[in-house]
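So the sequences go chain by chain: V and R. As numbered in full-length UniProt numbering, residues 1 to 257 make up the first sequence, in order. As numbered in full-length UniProt numbering, residues 1 to 268 make up the second sequence, in order. Heads up, the beta-carbon is just placed ideally off N, CA and C, and yes, glycines get one too. Written below as structure tokens is the structure these notes are about.
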Amino acid sequence: MAYAVELKDVSVKYGKINALKEISIQVAEGAFLGIIGPNGGGKTTLLKVILGLIEPEAGEVKIFGNPLSRAVDKIGYVPQISNFDRDFPISVLDVVLMARLGGRVRFFHQYKNEDIKKAEAVLDQLNLLQLKDRQIGKLSGGQLQRVLIARGLAVEPEILLLDEPTANVDASSSSQIYELLKNLNEDKTIIVATHDMAAVSSYFDTLACLNEKLYHHGDKYLDQETTEQVFGCPVDLIAHGHPHHVFAPHGEEENND
Amino acid sequence: MIDAILNYQFMQNAFFAAVLASIACGLIGTIIVEKKLVMLSGGIAHTSFGGIGLGYLLNIEPIYGAFGFAVAASLAIASIRRKIGTGSDTLIGMFWSLGMALGVLFIGFTPGYPPDISSYLFGDILTVRRMDVWLMGALTVFMILAITSLFNYWKAYLFDEEFLRVLGVKSTLLENFLFVMIALAIVILIRVVGIVLVIALLTAPPAAARLYTDNLKKIMGLAVVFGLLFSFSGLTFSYYYDLPSGAVIIITAVLFYFGSVVIKGRNE
């Protein structure tokens with residue numbers, strides 16, 4: 001069976017700086033993968049390569065065994081909310097409807113009734129339906145984040161990619177978002193780039209540690225050595241308020257790369 | 001003044017010019033303001049002065065020269081901007097002055113007495129000719145069609161073009177198209193408010209409209225209405241008191257915007 005996402009020796013350079021170096025990763029269908037690593041470590045770049053927003057210098061990207069160009073409708077994307085102008089005059093429903101535009105420009109395009117129904121159904125699923133006419137600037141950070149997740153879902157994707165979904169929200173919204181993702185994971189492959197260490201232990205089933213190179217890809221139990229390599233300094237992976245440790249005391253490490 | 005509009009062709013031209021300019025500034029101005037392309041539009045406007053100079057030098061209609069320069073400049077800025085990324089500020093500054101410099105140079109090369117360029121720089125709605133009205137009309141119709149027929153895509157493009165790319169829509173095509181339309185809008189507005197003042201007429205109506213509504217379509221509509229208000233105030237003052245129309249339009253627009261900020265600010 002083909003992997004949901006498969007990268008082979010992918011390298012990306014910005015000018016002369018390596019952003020990603022020879023990354024190979026296979027994400028099985030149904031995985032809940034967390035990509036962790038320091039800021040500037042290439043997490044967003046990796047997501048953008050998978051999305052086709054950045055053309056890699058070398059290497060190959062496959063989605064369900066196909067080249068990316070044949071799989072755009074299989075991926076839903078949830079960008080960082082810090083990228084948005086929150087004053088922009090657009091309502092929640094219109095944001096979600098964007099997902100129904102499809103890949104081709106058609107003149108005099110109107111959203112069909114079924115597009116609107118689909119968008120409303122997704123908003124309902126995420127408990128946002130009562131906010132559908134609200135301008136996005138009048139939402140809380142957590143609400144806007146869920147609106148963007150709703151937009152990603154309205155594409156009806158098989159894979160959902162999220163970039164820092166909890167970076168600008170408070171702790172309770174953050175766990176609400178991860179609970180939601182956990183539920184969505186029942187029938188979707190989910191990939192999250194995050195530096196939210198609290199989430200590492202409780203929600204993901206696999207982890208990838210990224211800092212230019214891929215240091216670890218496998219189960220979520222990391223040892224101190226790997227984290228030191230990735231982050232360049234010892235990182236306390238034990239989140240406050242979380243009763244369990246992130247890394248179990250185990251001897252051998254699965255280092256795929 | 002109504003009599004004059006009915007009886008004199010120059011007043012009819014001025015009337016149509018005011019209406020067309022208001023539509024152009026309402027539609028394109030809203031896009032420029034929401035996409036934060038204000039300085040870029042200023043750059044394109046000033047670059048078009050080079051075309052006006054070239055028009056005088058080659059003895060063709062200066063507004064055609066402006067048209068060519070504005071389109072070329074907007075496409076050049078769009079493509080260089082994509083290559084160098086966010087540093088487009090510097091680039092815009094250079095185009096801005098380069099266009100003006102070329103214009104001055106071309107006019108210097110033009111034999112005979114230097115032409116009066118102030119109506120291109122500051123606009124004069126009472127000197128708009130029938131030919132200008134036809135050109136403005138054609139461009140405005142094109143613009144209305146382009147914006148209404150692709151409205152959902154424009155909205156998505158303005159809000160989050162990256163997401164459009166993820167969906168597989170070629171956003172560079174939309175971007176180039178938009179830049180060409182900015183150039184067209186500037187050409188439409190040059191006769192009315194002039195190169196130097198065009199930016200305020202592109203920004204004040206949509207910025208004021210934004211204070212009254214959260215809906216993109218309504219902002220565009222309201223901006224057209226505000227544009228009409230400002231243009232006709234300019235026309236009126238220039239007809240009765242012989243004041244420079246471009247300057248009056250801009251001053252009304254900016255005062256109206258500040259007034260709106262004060263009023264709306266008190267409400268919230």
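Is the shortest distance between the beta-carbon of residue i and the beta-carbons of chain V less than 9 Å?
i          : result
Val-38(R)  : no
Ile-144(R) : no
Arg-82(R)  : no
Glu-34(R)  : yes
Arg-129(R) : no
Arg-191(R) : no
Starting from residue i, follow its DSSP beta bridges and name the residues at the other end.
i          : result
Ser-41(R)  : Its beta-bridge partners do not exist; DSSP assigns none.
Ile-75(V)  : Ile-159(V)
Cys-209(V) : Ile-36(V), His-216(V)
Tyr-14(V)  : Ile-17(V)
Val-61(V)  : Leu-7(V)
Val-192(V) : Gly-34(V), Leu-162(V)
Asn-66(V)  : Ile-63(V)
Ile-23(R)  : Paired residues: none, contrary to the question.
On a Cα-Cα basis, can you pick out the residue from the options that is closest to residue i?
i          : options                                        : result
Thr-30(R)  : Ile-2(R), Phe-142(R), Leu-222(R), Met-11(R)    : Leu-222(R)
Asn-176(R) : Ala-72(R), Thr-252(R), Met-136(R), Met-94(R)   : Ala-72(R)
Met-11(R)  : Thr-47(R), Arg-129(R), Leu-255(R), Phe-122(R)  : Arg-129(R)
Val-254(R) : Phe-16(R), Ile-186(R), Leu-202(R)              : Leu-202(R)
Asn-113(V) : Thr-44(V), Leu-101(V), Leu-162(V)              : Leu-101(V)
Glu-164(V) : Glu-156(V), Tyr-215(V), Asn-39(V)              : Asn-39(V)
Leu-126(V) : Gly-34(V), Gly-142(V), Ser-24(V)               : Gly-142(V)
Ala-119(V) : Arg-151(V), Ser-91(V), His-109(V), Arg-104(V)  : Arg-151(V)
Leu-135(R) : Thr-252(R), Met-94(R), Ala-185(R)              : Ala-185(R)
Ile-92(R)  : Ile-125(R), Val-38(R), Leu-6(R)                : Val-38(R)
Gly-42(V)  : Lys-132(V), Thr-194(V), Gly-218(V), Ser-202(V) : Thr-194(V)
Ala-28(V)  : Ile-191(V), Tyr-77(V), Asp-115(V)              : Ile-191(V)
Tyr-8(R)   : Leu-40(R), Leu-126(R), Leu-57(R), Gly-112(R)   : Leu-126(R)
Ala-99(V)  : Ala-31(V), Glu-57(V), Ile-116(V)               : Ile-116(V)
Met-9(V)   : Lys-188(V), Ile-25(V), Ala-121(V)              : For clarity, residue 9(V) is Asp in the given sequence; the question names Met instead. Nearest C-alpha to Asp-9(V): Ile-25(V).
Glu-60(V)  : Val-5(V), Gly-103(V), Ile-81(V)                : Val-5(V)
Leu-207(V) : Phe-88(V), Ile-35(V), Glu-158(V)               : Ile-35(V)
Determine the chain A residues that contact residue i at a beta-carbon separation under 9 Å, and present them in chain order.
i          : result
Gln-135(V) : The question asks about chain A, but that chain is absent: this structure's protein chains are V and R.
Using a C-beta cutoff of 9 Å, does residue i count as contacting chain R?
i          : result
Leu-53(V)  : yes
Pro-165(V) : no
Val-10(V)  : no
Arg-146(V) : no
Ile-90(V)  : yes
Asp-94(V)  : yes
Val-155(V) : yes
Leu-128(V) : no
Leu-46(V)  : no
Leu-97(V)  : yes
Ala-4(V)   : no
Short-range partners of chain R found in the region 55 to 82 of chain V, where Cβ spacing is below 9 Å:
Ser-69, Val-72, Asp-73, Ile-75, Gly-76, Tyr-77, Pro-79
At a CB distance below 9 Å, what residues from the region 146 to 159 of chain R approach chain V? Give them in sequence order.
Thr-148, Ser-149, Leu-150, Phe-151, Asn-152, Tyr-153, Lys-155, Ala-156, Leu-158, Phe-159
Note down, in chain order, all residues in the region 159 to 178 of chain R with a beta-carbon under 9 Å from any beta-carbon belonging to chain V.
Phe-159, Asp-160, Glu-162, Phe-163, Leu-164, Arg-165, Val-166, Leu-167, Gly-168, Val-169, Lys-170, Leu-173, Leu-174
Quick check: the region 102 to 117 of chain R against the region 50 to 57 of chain R, are at least 3 beta-carbon pairs closer than 8 Å?
yes
Given a limit of 7 Å on CB to CB distance, which residues of the region 214 to 240 of chain R reach chain V?
Asp-214, Asn-215, Leu-216, Ile-219
Between the region 100 to 113 of chain V and chain R, which residues of the former have CB atoms less than 8 Å from a CB of the latter, in chain order?
Leu-101, Gly-102, Gly-103, Arg-104, Val-105, Phe-107, Phe-108, His-109, Gln-110, Tyr-111
Looking at C-beta atoms only, is the number of pairs between the region 18 to 32 of chain R and the region 75 to 90 of chain R that lie closer than 8 Å three or more?
no
Would you call the region 7 to 20 of chain V and the region 73 to 80 of chain V in contact, with 3 or more CB pairs under 8 Å?
no
Given 8 Å, three or more beta-carbon pairs between the region 40 to 48 of chain R and the region 155 to 162 of chain R
no
Quick one: any contact between the region 60 to 70 of chain R and the region 236 to 252 of chain R, if contact means 3 or more CB pairs under 8 Å?
no
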